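Protein chains in written order, with our numbering: chain X, 7 to 311; chain B, -6 to 264.
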Amino acid sequence: MTVAPARRAVPAARARPGRSRRDTLTGLAFLAPSLVGVGGFLLAPVVVVLGISLTRWDLIDPARWTGLDNYRSILGDPAFGRSLAVTAVFVLLVIPLQTALGLAAALLLDQRLPGSTWFRAILVLPWISAPLALGVVWRWLFDPSDGAINELLGHRIEWLTSPALALPSVAAVTIWTNVGYVALFFLAGLAGIPPQYGEAARIDGAGPWQGLRRVTLPLLRPTTFFVLATGVISSFQVFDTVYAMTGGGPAGRTEVVAYTIYREAFVNFRMGRAAAMSVVLFLLLITVTIAQQTYFRRRTTYEMG
Amino acid sequence: MRRAVLTYLALSLAAVVILAPYLMSVQTSVKTPRQFAQQPPLAPPRPPTGENYAELTVGGHTLIPPLVITVQVVLVVVLGQLVCSVLAAYAFARLDFPGRDAIFWVYLATLMVPAVAVLVPRFVLLSEAGLVNTFWGIVLPSMFGSPYAIFLLRQFFRAVPQELLDAARIDGAGHPRVLRHVMLPLSRPVLATLLIITAVTHWNDFLWPLVVTSGARWEVLTVAVAGLQSQYQGNWTLVMAATTLATMPLLVLFTIFQKHIVKSITITGMK
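Okay, structure coming up:
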């Protein structure tokens, strides 16, 4: 929706008399460093990854052109299929829970009781700690014999080595890390809602639950969209936590796509296959983003006009 | 009243769940491996020992070199990213030149590129340039500005009233001087925000340094902690001391600049 006015702005800018040769030179000089960054490390890699994905290459012998072989190979590979499924399950476990808990935390903090700022700060702590270090800490906490969780439960559970529990455990740690961060955005969203709306609903006889469902949530939709969109994109790429907690095990049950790409490229040195997987991940994320955007734009226009 | 009590109860429960892993890992880090092996995992350390921290600072498994490298990486990336992003944002916001809007849309489009998807080609490009396992290999991909920072700064620069800039121009100031003496002083809050977020992101970064370096020479803190963890599986007292050392500097900074950092996260919405 912002595309249209900006396109129209181009001819207008062209007609402006203020443009000088000096402005042009300064402008290009100012842009030069970031062009190196954006061109060299974002745009060029997108082209390069497409190229590599059409070759067979182990980084030592020269790359050999193989056309679409890698795509055929990975799409027929049950391990890659499983990796995509694991990632999807991970996203489906993490996103609803972290969004709901983040919203709940924000509603609690939004009551602005004395000390709220401290609670808010505590909730954000995991977000500024290295996911790798936190993953290592949780690996110990989940350890069957030496870990704190089983001691507290008084019960031996193989959290990270049981096929059924490993992925939910990793997801739980990710949720634990993100809740405070998600809450911050909902808090900012709540602060933007004029208090009169809630009062009007209350006067009309709405209870707190109804007020939340019919007034607060619809008004929070832009925030919800932001939180969901960024959350989905980052959880699709989860790596550090998995690396630290399970290394993809047991038997691939926590091997998410980012981990498979890493292993394929930097452990097995099959750059072509890893590149093809990267392209699939890229396409998948673009599709998800566009789908989310379409869904939310429609809903937002209907109800907020 | 009842509602306030319930709110405090829920918030306290959340705070305990968040803080407990930190406190338990610190407690484990001040035990000797012997104490840890002989007692239940949550038994208090009697007496607490600094043995593990000594081992990780002046001992055989020192984390000081990775710490120094991490600090250098963060400094170079933060400085580079701020300078390059400021320059680009000023060009987009305040200068008029052919292709400006088209280039800006390309920059915006790159926000869609997922970091994991460009991991392999970035490695290949740096490997062709002979920069794998060098300091520059770690910092180059992120030191030339980020599209998000540019976007954010551009919004900010556009909001500065034209009269202020005109006044400076009439006094004979060129663009570099306007940028330095008018724009930057006005943008201190957003610059502080970007500084904090960039520093946190790169202090905690793991995947890229893991891929682009090998061996001890250019090991950053996160990679060193991961290495220690896999090398000393089961030696949890040493490993917990290492995770504590890796997270502590940011936690201390966070406690000091708490309000500003919380605000920064909401402004940028990025990590």
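C-beta atoms are modelled at their ideal positions from N, C-alpha and C, and glycine is treated no differently.
Here the structure is a predicted model, which means the values were calculated and not measured.
query	result
Cα-Cα separation between D116(X) and L37(X), rounded to whole angstroms	42 Å
Cβ of T266(X) within 8 Å of any chain B Cβ	no
Separation of D29(X) from V246(X), as counted between CA atoms	Here residue 246(X) is Asp; the residue named in the question, Val, does not match the sequence. So the alpha carbons of these two residues sit roughly 45 Å apart.
Chain-ordered chain B contacts of D152(X) [CB-CB under 7 Å]	P34, W229
Beta-bridge partners of G61(X), as assigned by DSSP	First, the residue type needs correcting, since residue 61(X) is Thr and not Gly in the sequence shown. According to DSSP, which records beta bridges pairwise, T61(X) is partnered with W71(X).
Three-way DSSP call (helix, strand, coil) for A13(B) in this model	helix
Where V62(B) falls, given that 16 or more other Cβ within 10 Å makes a residue buried	As written in the sequence, residue 62(B) is Ile, which differs from the Val given in the question. Label assigned to I62(B): buried.
Which of helix, strand or coil DSSP assigns to K256(B)	helix
Nearest candidate by alpha-carbon position, reference F242(X), set I209(X), T295(X), V273(X)	T295(X)
Cβ-based burial, L223(X) [other Cβ within 10 Å; buried from 16]	exposed
Rounded straight-line distance, which links the Cα of L190(X) to that of T259(B)	6 Å
Beta-carbon neighbours of R115(B), restricted to chain X and to distances below 8 Å	F47, P51
is_contact[I292(X), chain B] using C-beta, thresh 8 Å	yes
Touch test, the stretch 64 to 79 of chain B against the stretch 130 to 143 of chain B, Cβ-Cβ under 8 Å, three pairs minimum	yes
When A82(B), F90(B), R87(B), F116(B) are compared against Q100(B), the one with the closest alpha-carbon	Residue identity check: residue 100(B) is Tyr in the sequence provided, not Gln. Among A82(B), F90(B), R87(B), F116(B), the Cα nearest to that of Y100(B) is on A82(B).
Whole-Å CB distance - S135(X) paired with L243(B), under 8 Å assumed	7 Å
Cβ-based neighbour list, T237(B), same chain, cut-off 7 Å, excluding 5 preceding and 5 following	S18, V19, S22
F86(X) vs T266(X) beta-carbon contact at 8 Å	yes
Minimum Cβ-Cβ distance from F250(B) to chain X less than 8 Å	no
Alpha-carbon to alpha-carbon, G217(X) and V44(X)	45 Å
Cutoff 8 Å: I258(B) Cβ touching any chain X Cβ	yes
When V76(B), Q148(B), V10(B), V64(B) are compared against W211(B), the one with the closest alpha-carbon	V64(B)
8 Å Cβ cutoff met for I80(X) and V238(X)	no
Integer Cβ distance of L166(X) from F96(X), believed to fall under 8 Å	Contact doesn't hold; Cβ gap of about 14 Å is too wide.
Three-state secondary structure (DSSP) of N228(B)	coil
Spatially closest choice to Y1(B) from I58(X), R118(X), L226(X), by CA coordinates	R118(X)
Simplified DSSP assignment, three categories, for D94(B)	helix
Three-way DSSP call (helix, strand, coil) for A7(B) in this model	helix
Members of the stretch 25 to 40 of chain X that neighbour chain B once the beta carbon cut-off is set at 7 Å	R25, D29, T30, T32, G33, L34, F36, L37, P39, S40
Alpha carbon of M263(B) to alpha carbon of A192(B), nearest angstrom	With a pLDDT of 46 at M263(B), under the threshold of 50, the predicted position of this residue should be treated as unreliable, though the coordinate-derived value follows. Computed Cα separation, rounded: 12 Å.
7 Å CB neighbourhood of N156(X) in its chain, flanking five on each side removed	P150, R162, I163
Whole-Å CB distance - L225(X) paired with Y203(X), under 8 Å assumed	7 Å
CB contact below 8 Å: L103(X) versus chain B	no
CB contact below 8 Å: V106(B) versus chain X	yes
For T206(B), three-class secondary structure by DSSP	coil
Interface partners of S78(B) on chain X, CB under 8 Å	S40
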